[in-house]
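Visitor: First the structure, which I've put down as structure tokens, then a few questions once you've had a look.
In the working numbering, the protein residues as written are 28 to 93.
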């Protein structure tokens, strides 16, 4: 089983984040709670459509996470 870190969102939604990814993002100075909150807000505002620009605004893009 994978180790996961769960970061609670303000709406009490728990979002599982792979442990290594969470640690890497933290060391790069990202605020995971803020990223998750913004992504959830953008997702809700987009009527359930995933907005890749929202991912980029949150700085959570493949090149940063790799």
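We put the beta carbon where it would ideally sit given N, CA and C, even for glycine.
1. Measure the C-alpha to C-alpha separation of residue 51 and residue 65 and round it to an integer number of angstroms.
2. Check this for me: beta carbons of residue 62 and residue 49, under 8 angstroms apart or not?
3. How would you write the range of the alpha helix (DSSP H) that residue 69 sits in, first residue to last?
4. If you draw a straight line from the alpha carbon of residue 68 to that of residue 54, how long is it in whole angstroms?
5. Go to residue 50, then tell me how far its alpha helix (DSSP H) extends in each direction, as first and last residue.
Guide: Reading off the structure:
1. The residue you call residue 51 lines up with position 24 of the chain shown. The residue you call residue 65 lines up with position 38 of the chain shown. Answer to the nearest angstrom: the Cα atoms are 19 angstroms apart.
2. Start at 1 with the first residue of the chain shown, and residue 62 comes out as number 35. Start at 1 with the first residue of the chain shown, and residue 49 comes out as number 22. Against a cut-off of 8 angstroms, the Cβ pair of residue 49 and residue 62 comes out as no contact.
3. Reading the chain shown from its first residue, position 42 is the one you call residue 69. Element bounds for residue 69: 59 to 72.
4. Position 41 of the chain shown, counted from the first residue, corresponds to residue 68. Position 27 of the chain shown, counted from the first residue, corresponds to residue 54. Rounded to whole angstroms, residue 68 to residue 54 spans 24 angstroms at the Cα level.
5. To locate residue 50, count along the chain shown from 1; it is residue 23. 46 to 54 is the extent of the alpha helix (DSSP H) around residue 50.
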